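Working notes for the structure below.
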Amino acid sequence: KVKNLKGEVKRLRYLTEEEIKALLANCEPHLYPIVFTALNTGMRKSEILGLKWSNVDLKNDLILLEKTKNGERREIPINKALKKVLLGLFVDRRLDTDYVFVNPATRKRYNDIKRSFNTACKKAGIKDFRFHDLRHTFASHLVMNGVDLKTVQELLGHKKLSMTLRYAHLSQAHKREAVKTIEKVVSEDIYHNFITI
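The sequence shown: position 18 = 18 (the UniProt record's numbering), numbered continuously.
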């Protein structure tokens with residue numbers, strides 16, 4: 001948990017790489033592509049469950065969200081891994097609906113997947129984790145891999161950068177590790193040789 005600019009405690013729970021693998025391995029067939037989409041896009045649950053093929057551009061590898069929480073249009077790039085999953089769904093899609101994620105039993109879009117998601121988390125040994133935390137997982141791993149906060153803000157669709165600053169502390173340790181890599185090039189031995197010339 002971290003504090004926002006007003007001093008309020010904000011929850012920031014995200015999965016490690018090992019937990020991500022464990023969660024996906026324990027997802028039911030209908031849940032897997034939903035969770036996979038969340039992990040690769042940072043989309044909100046409502047945005048994913050309400051996603052339509054008319055908003056998925058597989059030719060240009062983009063997801064176009066017209067109706068978002070902040071009221072602004074958002075474009076999310078589709079990476080190769082997600083495209084493979086979406087193409088599989090597209091081939092087997094129902095022709096009587098435009099929704100991407102459809103319940104085969106009801107032939108309608110999923111309204112909620114809380115029960116199956118909680119079951120997957122339990123089987124994976126993951127505690128204190130909500131579906132919305134997949135969004136935090138997406139953002140956290142971007143920041144820890146060097147993606148700047150402005151880009152993360154745009155991908156998440158945050159109206160204000162202050163909302164994205166909750167992830168700022170995650171970059172500090174990785175910045176230190178990044179600086180350590182320069183030691184391979186500029187080592188103490190080089191400095192020692194310099195001062196003895």
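Virtual Cβ for every residue (Gly too), placed ideally from N, Cα, C.
The model shown is predicted, which means the values in this text are computed figures rather than measured ones.
Which of helix, strand or coil does DSSP assign to residue i?
i, result
"Asp96", "coil"
"Glu17", "helix"
"Arg109", "strand"
"Asn55", "helix"
"Leu12", "coil"
"Arg74", "strand"
"Lys160", "coil"
"Ile182", "helix"
"Ala168", "coil"
Closest to residue i by C-alpha separation, out of the options, would be which residue?
i, options, result
"Arg93", "Thr151, Val143 and Ser54", "Ser54"
"Asn40", "Glu66, Asp133, Thr106 and Met163", "Asp133"
"His141", "Ala38, Asn118 and Gly88", "Ala38"
"Phe117", "Tyr32, Glu17, Leu15 and Leu12", "Tyr32"
"Lys67", "Asp96, Lys52 and Phe131", "Lys52"
"Tyr167", "Met43, Leu24 and Val152", "Val152"
"Lys114", "Arg13, Leu49 and Lys21", "Leu49"
"Arg135", "Lys159, Ala25, Lys45 and Lys59", "Lys45"
For the alpha helix (DSSP H) containing residue i, list its first residue and its last residue.
i, result
"Pro33", "Tyr32 to Thr41"
"Ile48", "Lys45 to Leu49"
"Leu82", "Lys80 to Val91"
In terms of residue numbering, what span does the beta strand (DSSP E) encompassing residue i cover?
i, result
"Leu62", "Leu62 to Leu65"
"Pro104", "Neither: Pro104 is in no beta strand (DSSP E) and is coded neither H nor E."
Would you please verify whether the beta carbon of residue i is less than 9 Å from any beta carbon of chain B?
i, result
"Glu75", "This model lacks chain B altogether; it includes just one protein chain."
Under 8 Å: do the segment 93-105 and the segment 114-130 share three or more Cβ pairs, one atom per stretch?
Between the segment 93-105 and the segment 114-130 there are fewer than three inter-stretch CB-CB distances shorter than 8 Å, so the stretches are not counted as touching.
Length-filtered (4 minimum) alpha helix (DSSP H) runs lying within the segment 124-148:
The alpha helix (DSSP H) runs of length 4 or more contained entirely in the segment 124-148 are, from start to end of the chain, 133-144.
At least 3 beta-carbon pairs within less than 8 Å: the segment 9-28 vs the segment 74-85:
Output reads no: the segment 74-85 does not touch the segment 9-28.
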